[in-house]
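Novice: What follows is a single structure, and I will ask about it in a moment.
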Amino acid sequence: QRHGYRKDLASMLANLKPKILKFPGGNYVMGNYLSNAFRWSETVGPWEERPGHFNDVWGYWTDDGLGFFEFLQLAEDLGACPVWVVNDGASRNEQVPSATIAAFVKDVVDGIEFARGDPGTSWGSVRAAMGHPEPFQLNYISMGNQECSMHYYKENYRKFYSAIKASYPDIKIISSCDRSTISPVEPADLYDVHVYTSSGDMFSKSSMFDSTPRGGPKAIVSEYAVTGNDAGRGTLVAALAEAAFL
Numbered sequence: 001q002r003h004g005y006r007k008d009l010a011s012m013l014a015n016l017k018p019k020i021l022k023f024p025g026g027n028y029v030m031g032n033y034l035s036n037a038f039r040w041s042e043t044v045g046p047w048e049e050r051p052g053h054f055n056d057v058w059g060y061w062t063d064d065g066l067g068f069f070e071f072l073q074l075a076e077d078l079g080a081c082p083v084w085v086v087n088d089g090a091s092r093n094e095q096v097p098s099a100t101i102a103a104f105v106k107d108v109v110d111g112i113e114f115a116r117g118d119p120g121t122s123w124g125s126v127r128a129a130m131g132h133p134e135p136f137q138l139n140y141i142s143m144g145n146q147e148c149s150m151h152y153y154k155e156n157y158r159k160f161y162s163a164i165k166a167s168y169p170d171i172k173i174i175s176s177c178d179r180s181t182i183s184p185v186e187p188a189d190l191y192d193v194h195v196y197t198s199s200g201d202m203f204s205k206s207s208m209f210d211s212t213p214r215g216g217p218k219a220i221v222s223e224y225a226v227t228g229n230d231a232g233r234g235t236l237v238a239a240l241a242e243a244a245f246l
């Protein structure tokens, strides 16, 4: 509560005992257009000075009072591992060519400095001024959201990967490409799996990873839900199917 969250909501989250906190989300970080994408650097500093932005995917204005700093603070308060989903130059309708992606790469590296940098660094000093001089334990970066099939994703991904690893070699990078499409050219520490399907198919996926080789990149199932019409949403059958999958 001392960090701005309603006590009842924060207590519900704490009672779930989450192991990871993935933020700021998938489509939300992309936007329908890049002009409305989540920009971490515009969500830090004094709340009243944050410009806010229009979340054109879900259709509402956000003042970004719940920003990058607040997500990191929430993860720390919950004892959860933060996973930052970064905008890698793609929206749902646009993509930055690899030749001009450098500014987006720098933005992500700057964001890591905000989270982990010494208070004497440019962005670390901003975090310290917000009341958290100690670095946050940010160790996982997820590259975009369901973008593997986009034209520039793999080439852009390599640029982000190289820049992040050059400055923060310990950070684990999560690819939007699944294991079948990861190659040595697109190195990854983990690959993201999203499963939205019917209850019948979800039940069948209970053995999805049984034959997956245990060497190489690991899987993180960061999104899953029964959404098909055979069980509806939020039903007992849907819950059982999701439990069987897990």
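All residue numbers for the sequence shown refer to the UniProt record's numbering, where the first residue is 1 and numbers rise by one.
All residues carry an ideal CB built from backbone N, CA and C; glycine is no exception.
Apart from the five residues just before and just after Phe136, which ones in its own chain have a Cβ nearer than 6 Å to its Cβ?
Specialist: Locating residue 136 in the sequence shown gives position 136, where the first residue counts as 1. Around Phe136: Leu72 and Ala115.
Novice: Exposed or buried, Glu186, counting other C-beta atoms within 10 Å across all chains shown (16 or more means buried)?
Specialist: Translated into positions along the sequence shown, residue 186 becomes position 186. Glu186 should be labelled buried.
Novice: How many Å lie between Val126 and Leu16 at the Cα?
Specialist: One-based indexing of the sequence shown puts residue 126 at position 126. One-based indexing of the sequence shown puts residue 16 at position 16. Between Val126 and Leu16, the C-alpha separation is close to 31 Å.
Novice: Taking the alpha helix (DSSP H) that Trp123 falls in, what are its first and last residues?
Specialist: Counted from its first residue, the sequence shown places residue 123 at position 123. Per DSSP, Trp123 belongs to the alpha helix (DSSP H) from Ser122 to Ala129.
Novice: Based on DSSP bridge pairs, tell me the residues matched to Met143.
Specialist: The residue labelled residue 143 in the question sits at position 143 within the sequence shown. Answer by DSSP bridge pairing, in chain order: Val86.
Novice: DSSP state of Tyr152, grouped into three classes?
Specialist: Walking along the sequence shown from the start, residue 152 turns up at place 152. It is coil, neither helix nor strand.
Novice: Going by DSSP in three states, Trp58 sits in which element: helix, strand or coil?
Specialist: By one-based count along the sequence shown, residue 58 stands at place 58. Correct three-state label for Trp58: coil.
Novice: What residue does the beta strand (DSSP E) around Asp192 start on, and which one ends it?
Specialist: The residue given as residue 192 occupies position 192 in the sequence shown. First-last of the beta strand (DSSP E) with Asp192: Leu190 to Thr197.
Novice: Determine the burial state of Gly111: buried for a count of at least 16 other Cβ atoms within 10 Å of its Cβ, exposed for fewer.
Specialist: Position 111 of the sequence shown, counting from 1, holds the residue named residue 111. With 16 or more Cβ atoms within 10 Å of its Cβ, Gly111 is classed as buried.
Novice: With DSSP collapsed to three states, give me the class of Ser176.
Specialist: If you number the sequence shown from 1, residue 176 lands on position 176. Note: Ser176 maps to coil in three-state DSSP.
Novice: How do the stretch 221-229 and the stretch 191-209 stand: do at least 3 beta-carbon pairs fall below 8 Å, yes or no?
Specialist: Yes, since at least three Cβ pairs between the stretch 221-229 and the stretch 191-209 fall closer than 8 Å, the two stretches touch.
Novice: Could you check if Gly117 is buried or exposed, using at least 16 other CB atoms within 10 Å of its CB as the buried criterion?
Specialist: Walking along the sequence shown from the start, residue 117 turns up at place 117. Buried, by the Cβ-count rule.
Novice: Helix, strand or coil: how does DSSP classify Leu66 here?
Specialist: Residue numbering aside, residue 66 sits at position 66 when the sequence shown is read from its first letter. Here Leu66 sits in coil by DSSP.
Novice: So Tyr140 and Ile174 are in contact, right, with Cβ under 8 Å, and what is the actual spacing, rounded?
Specialist: Counted from its first residue, the sequence shown places residue 140 at position 140. Counted from its first residue, the sequence shown places residue 174 at position 174. Tyr140 to Ile174, Cβ: 6 Å. Contact.
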